[in-house]
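As structure tokens, the structure follows; a few thoughts come after it.
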């Protein structure tokens, strides 16, 4: 897909409450980067051989039974690579808006002073929370939770348990901003106390042995002051459109470690363990092609339900019903060293079957190894290369994996150019052909020049600082101009399709 849906840019986002009311929130810059946050993802799709379009969904339906690769029904892994130039938004709520601007409001000296007092009180609570996590002190952590917030106290116990279970090396909470008027009168009355307010809090955490730098997200935290003490009363009040939820705040997690993988499940420990070997094999398969010059580690999130996947990604409901898995950077701004996760669609991922899951995880792991979430490579190369690696690990029949493309070629509709970014749009009528074309373009390079040259070609484009990086790589690595390659690729497709 063009942007994989999700929060591409979050400018002056409006929060959505349970009643659908909206309240403007200020822009929240990261601690180290004043730029607006952006979200970058890649996705894997499960496609059947004869799907039909339904609205903006890809023209295929989810696989309902375990896949028999290379027979009547096939699994084709593709990815709707976000890239750095995509700016489409996917609000977390259908009524949400992620790109409204609001005039700045002036504050009086008294209001400014009140804001400072709120920030000091809130920061003190956050520091106590941070210390409790670092010291693994459950009692101290729960002492920061509003005694009257019964439901949140239950959630807080789960959150603390999760933070203790995950291999966290660093954990920080930072008070960023607040809005004294964000809470509705009813909610304020419900909270009671002398004052209550909603603040935006930056949370960062680093998984030991896996992350080169901390993951970072922003949480809406509700504070309340009662009897002279300030407490946290909620971690989930009125999320802004596109605002992601940390996996450890969505329910009890179970963790399983492999040689190369960490699987975090919101379902069961047994499920987490069952995916470790698949993830480890995916890492090994990718390393055979890409080489050892990456961390050779992968983190997989396994939600128990669709809403949890959407929460992790900050996505609109039902956005990912056709998506097997998504690779995303758990950081506000793109960076090569950003912590990258693979999050699976709980229903569809299970239905793919053992080999299907291995293909999907190998495809997504290729994106992790090649830092596709922070790469200037064109979509056709990012997706084609990931499919090449996946189908090298688990071979499939050409006729099954490129069925839609071959059908078009036999009808005289040979692609005239390599797939454009628009060809990967969710509403594109020839979406399957885009993935199939990209895959076979990369395979042609490997067959013509050798697999090592394909990797070299990808790396050359990836590391180029020039706007002509792709054209330069065609010349320097493949010894031809792009039009020459396209002409050869067209003949290759015709030969494979028997046209």
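In our numbering, the protein residues as written are 3 to 501.
The beta-carbon is built from N, C-alpha and C at its ideal position, and this holds for glycine as well.
Just so it is clear, the structure is predicted and the values come from calculations on it, not from any experiment.
### Query
Would residue 405 be called buried (16 or more neighbouring beta carbons within 10 Å of its own) or exposed?
buried
### DSSP three-state assignment for residue 111, whether helix, strand or coil
helix
### Query
Using the C-alpha atoms, what's the distance from residue 151 back to residue 230?
17 Å
### Task
Starting from the N-terminal side, write out each stretch of the alpha helix (DSSP H) that is 4 residues or longer and does not extend beyond the segment 109-192.
111-136, 140-144, 152-167
### Task
Answer yes or no: do residue 488 and residue 459 have a C-beta to C-beta separation smaller than 7 Å?
Cβ atoms of residue 488 and residue 459: not closer than 7 Å.
### Task
Starting from the C-beta of residue 298, find all residues in its chain whose C-beta is less than 7 Å away, skip the five residues before and the five after it, and write them out in chain order.
Within the same chain, Cβ atoms closer than 7 Å to the Cβ of residue 298 are found at 262, 285, 289, the five residues on either side in sequence being excluded.
### Message
Quick check on the DSSP output: what are the complete alpha helix (DSSP H) runs of length 4 or more inside the segment 284-359, in order along the chain?
### Response
308-315, 348-353
### Query
Just to confirm, are residue 302 and residue 281 a CB contact at a threshold of 7 Å?
yes
### residue 486 to residue 451 span [Cα, whole Å]
15 Å
### Query
Relative to the ligand ADP, is the shortest distance from any of its heavy atoms to the C-beta of residue 377 smaller than 6 Å?
Absent from the structure shown: the ligand ADP. Ligands present: none.
### Query
Leaving out five residues before and five after residue 410 in sequence, what residues of the same chain have Cβ atoms less than 7 Å from its Cβ?
435
### Query
Who pairs with residue 208 in a beta bridge, going by DSSP?
172
### Task
Kindly indicate which three-state DSSP category residue 449 falls into: helix, strand or coil?
helix
#### Entry: Same chain only: Cβ atoms within 7 Å of residue 138, ignoring 5 sequence neighbours per side
166
### Task
Check residue 491 in the structure and name its three-state DSSP category.
In the displayed model, residue 491 falls within a helix according to three-state DSSP.
### Query
Touch check for the segment 207-219 and the segment 304-315: three-plus C-beta pairs under 8 Å?
no
### Message
Three or more C-beta pairs under 8 Å: does that hold for the segment 343-363 against the segment 390-404?
### Response
A contact exists between the segment 343-363 and the segment 390-404.
### Message
Do residue 147 and residue 234 count as a contact pair if the criterion is CB distance below 7 Å?
### Response
Using a Cβ distance threshold of 7 Å, residue 234 and residue 147 count as a contacting pair.
### Query
Should residue 153 be labelled buried (16 or more other beta-carbon atoms within 10 Å of its own) or exposed?
exposed
### Stretch-stretch touch, CB-based, cutoff 8 Å, three pairs: the segment 343-355 with the segment 376-383
no
### Message
Using 7 Å as the threshold, is the C-beta distance between residue 413 and residue 332 below it?
### Response
no
#### Entry: Whole-number beta carbon distance between residue 495 and residue 396, since they are thought to touch under 8 Å
So it is not a contact: roughly 22 Å between Cβ atoms.
### Query
In three-state DSSP terms, what is residue 371?
helix
### Task
Can you check DSSP and say which residues form a bridge with residue 245?
DSSP lists no partner for residue 245.
### For residue 257: DSSP bridge partner residues
266
### Message
Does residue 178 pass the burial test, meaning 16 or more other C-beta atoms within 10 Å, or should it be called exposed?
### Response
buried
### Whole-angstrom distance between residue 370 and residue 118, CA atom to CA atom
41 Å
### Task
Take every Cβ of the segment 436-446, pair it with every Cβ of the segment 417-425, and state whether three or more of those distances are shorter than 8 Å.
yes
#### Entry: Environment of residue 106 [buried if 16+ CB atoms lie within 10 Å]
Confidence is the limiting factor: at residue 106 the pLDDT is only 40, short of 50, which leaves the residue's position unreliable, though a coordinate-based value still follows. Classification of residue 106: exposed, given that the 10 Å Cβ count is below 16.
### Message
Under DSSP, the beta strand (DSSP E) around residue 226 begins and ends at which residues?
### Response
217-228
#### Entry: Three-state secondary structure (DSSP) of residue 280
helix
#### Entry: Inter-residue spacing [alpha-carbon to alpha-carbon] between residue 156 and residue 182
26 Å
### Query
CA-CA distance, residue 358 and residue 200?
44 Å
### Task
For residue 324, count neighbouring Cβ atoms within 10 angstroms of its own Cβ and tell me buried if that reaches 16, exposed if not.
Classification of residue 324: buried, given that the 10 Å Cβ count is 16 or more.
### Message
Give me, in chain order, the residues of the same chain whose beta-carbon lies closer than 8 Å to that of residue 258; leave out the 5 immediate sequence neighbours on both sides.
### Response
264, 265, 267, 271, 274, 275, 277, 278
### Query
When burial is assigned at 16 or more other CB atoms within 10 Å of the CB, is residue 283 buried or exposed?
buried
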